[in-house]
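Protein sequences appear in the order of chains A and B.
Here the first sequence stands for residues 580 to 692, numbered as in my numbering.
Here the second sequence stands for residues 456 to 567, numbered as in my numbering.
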Amino acid sequence: QKEVEQNSGPLSVPEGAIASLNCTYSDRGSQSFFWYRQYSGKSPELIMSIYSNGDKEDGRFTAQLNKASQYVSLLIRDSQPSDSATYLCALSISNFGNEKLTFGTGTRLTIIP
Amino acid sequence: NAGVTQTPKFQVLKTGQSMTLQCAQDMNHNSMYWYRQDPGMGLRLIYYSASEGTTDKGEVPNGYNVSRLNKREFSLRLESAAPSQTSVYFCASRRSGAGELFFGEGSRLTVL
Numbered sequence: 580q581k582e583v584e585q586n587s588g589p590l591s592v593p594e595g596a597i598a599s600l601n602c603t604y605s606d607r608g609s610q611s612f613f614w615y616r617q618y619s620g621k622s623p624e625l626i627m628s629i630y631s632n633g634d635k636e637d638g639r640f641t642a643q644l645n646k647a648s649q650y651v652s653l654l655i656r657d658s659q660p661s662d663s664a665t666y667l668c669a670l671s672i673s674n675f676g677n678e679k680l681t682f683g684t685g686t687r688l689t690i691i692p
Numbered sequence: 456n457a458g459v460t461q462t463p464k465f466q467v468l469k470t471g472q473s474m475t476l477q478c479a480q481d482m483n484h485n486s487m488y489w490y491r492q493d494p495g496m497g498l499r500l501i502y503y504s505a506s507e508g509t510t511d512k513g514e515v516p517n518g519y520n521v522s523r524l525n526k527r528e529f530s531l532r533l534e535s536a537a538p539s540q541t542s543v544y545f546c547a548s549r550r551s552g553a554g555e556l557f558f559g560e561g562s563r564l565t566v567l
């Protein structure tokens, strides 16, 4: 089992609707969770970080973490065409005191005008 | 503030040639990383350096070597390039422990 699993998509959502992106992970020792957005040909940029169970909201974005079920999700409300991108889930795994960040394969999101 | 700077941005090599990808950050970060990104594979960790003077293997280290030259610079070397190393390479840095990764713009490498 891969450490971080994401549905590769593509996921198509009408403009103005809610886009829901999901990620599951296998290492229960994971402590920090991140969502990155990557436009085609560009480098990833951080959208949200979440460290404890529950929801974290930032504008139109909400990250949800459930450590017992080992999943983290990202909701995008009022989706805009500019939200069309690949969304990467990432988590920090401690390796003998060293933190390394492991990424999922990403979900390609398309917002349909 | 430049952030993370990678050079070169584009490179074409022939099989068996060697090259070094350079990375420098000006954010006084302790940890630095090299990832490769291939279609459908996401970002895969090649090597990382948790602090100056230390390096550790990631998920796909074979065929690569790294040097943490000082706190600012972390280079990735391909000693004998292979077509399987055709990819986009990203350097990133972060403060120690949990925190955001800051990425460079990427280096697109093609091995013929």
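Cβ atoms here follow ideal geometry from the backbone N, Cα and C, with glycine treated the same way.
Assign residue i to buried or exposed, taking buried as 16 or more other Cβ atoms, counted over all protein chains shown, within 10 Å of its Cβ.
i	result
V459 of chain B	buried
V467 of chain B	exposed
F612 of chain A	buried
F465 of chain B	exposed
D662 of chain A	buried
E678 of chain A	buried
R487 of chain B	A small fix is needed here, since residue 487 of chain B is Met in this sequence, not Arg. Buried, by the Cβ-count rule.
A598 of chain A	buried
G559 of chain B	buried
P623 of chain A	buried
M496 of chain B	exposed
Y490 of chain B	buried
S631 of chain A	exposed
S412 of chain B	Missing from the structure shown is residue 412 of chain B; chain B here goes from 456 to 567 and no further.
R616 of chain A	buried
Apart from the five residues on each side of it in sequence, which residues of its chain come closer than 6 Å, Cβ to Cβ, to residue i?
i	result
S522 of chain B	S530
L653 of chain A	L600, W614, A642
F568 of chain A	The structure shown does not extend to residue 568 of chain A, since chain A is modelled only from 580 to 692, so the question has no answer here.
Y650 of chain A	T603
N485 of chain B	S506, S551
G561 of chain B	V543, F545
L680 of chain A	A669, S671
V592 of chain A	A598, S658, I690
R563 of chain B	F465, V543
Q472 of chain B	A536
E528 of chain B	A479
P589 of chain A	R687, T689
K635 of chain A	I629, A642
Which residues share a DSSP beta bridge with residue i?
i	result
K635 of chain A	A:A642
K526 of chain B	BP columns for K526 of chain B are empty, so no partner.
K679 of chain A	A:I672
D662 of chain A	Its beta-bridge partners do not exist; DSSP assigns none.
R563 of chain B	B:F465, B:V543
Y502 of chain B	B:W489, B:K512
M627 of chain A	A:W614
For residue i, which residues from the same chain have a beta carbon less than 8 Å from its beta carbon, with the 5 sequence-adjacent residues on both sides left out?
i	result
S693 of chain A	Since the first residue shown for chain A is 580 and the last is 692, residue 693 of chain A is missing from the structure and cannot be characterised.
T509 of chain B	R523
Could you round the C-beta distance between residue i and residue j to whole angstroms and report it? I think they count as a contact, below 8 Å.
i	j	result
A642 of chain A	I629 of chain A	4 Å
E514 of chain B	L524 of chain B	Rounded, the Cβ-Cβ distance is 23 Å, inconsistent with contact.
G518 of chain B	Q540 of chain B	6 Å
D511 of chain B	Y502 of chain B	7 Å
T462 of chain B	R532 of chain B	Wrong, their Cβ atoms sit about 14 Å apart, outside the cutoff.
G633 of chain A	L625 of chain A	At roughly 19 Å, the Cβ-Cβ gap does not stay under 8 Å, so G633 of chain A and L625 of chain A are not in contact.
Would the beta-carbon of residue i be found less than 7 Å away from any heavy atom of the ligand MG?
i	result
V583 of chain A	Among the components of this structure there are no ligands whatsoever, and the ligand MG is therefore not found.
Got a sec? Which residues, its chain only, sit under 7 Å from residue i by beta carbon, not counting five neighbours each side?
i	result
T470 of chain B	A536, A537, P538, V566, L567
E594 of chain A	S658, Q659, P660, I690, I691, P692
A596 of chain A	S658
M482 of chain B	G458, S548, F557
Y618 of chain A	A664
P516 of chain B	I501, Y502
Quick one: is residue i near chain C, going by C-beta distance under 8 Å?
i	result
F545 of chain B	Given the protein chain composition of this structure (A and B), no chain C is represented.
Quiz item: For the stretch 523-542 of chain B, which residues have a beta carbon sitting closer than 8 Å to at least one beta carbon of chain A?
Solution: Contact residues of the stretch 523-542 of chain B toward chain A are absent (C-beta to C-beta distance below 8 Å).
Quiz item: Residues in the stretch 639-655 of chain A with C-beta within 8 Å of chain B's C-beta atoms, listed in sequence order?
Solution: Hits within the stretch: zero.
Exercise. Taking a Cβ distance cut-off of 8 Å, strictly less, list which residues of the stretch 486-498 of chain B are near chain A, in chain order.
Key: From the stretch 486-498 of chain B, only S486, Y488, Y490, G495, M496, G497, L498 have a Cβ closer than 8 Å to chain A.
Quiz prompt | Interface positions of the stretch 618-636 of chain A facing chain B (Cβ-Cβ less than 9 Å), listed along the chain | solution = Using a CB distance below 9 Å, the part of the stretch 618-636 of chain A facing chain B consists of G620, K621, S622, P623, E624, L625, S628, Y630, ordered along the chain.
Quiz item: Which residues, taken in chain order from the stretch 678-689 of chain A, show a beta carbon closer than 8 Å to some beta carbon of chain B?
Solution: Cβ proximity to chain B below 8 Å picks out E678, K679, L680, T681, F682, G683, T684, G685 from the stretch 678-689 of chain A.
Practice problem: Quick one: which residues of the stretch 468-483 of chain B get their C-beta closer than 9 Å to a C-beta of chain A? List them in chain order. | Solution: Answer set for the stretch 468-483 of chain B: empty.
Exercise. Return the residues of the stretch 583-598 of chain A that lie within a Cβ-Cβ distance of less than 9 Å from chain B, sorted by chain order.
Key: Listed by position along the chain: V583, Q585, S587.
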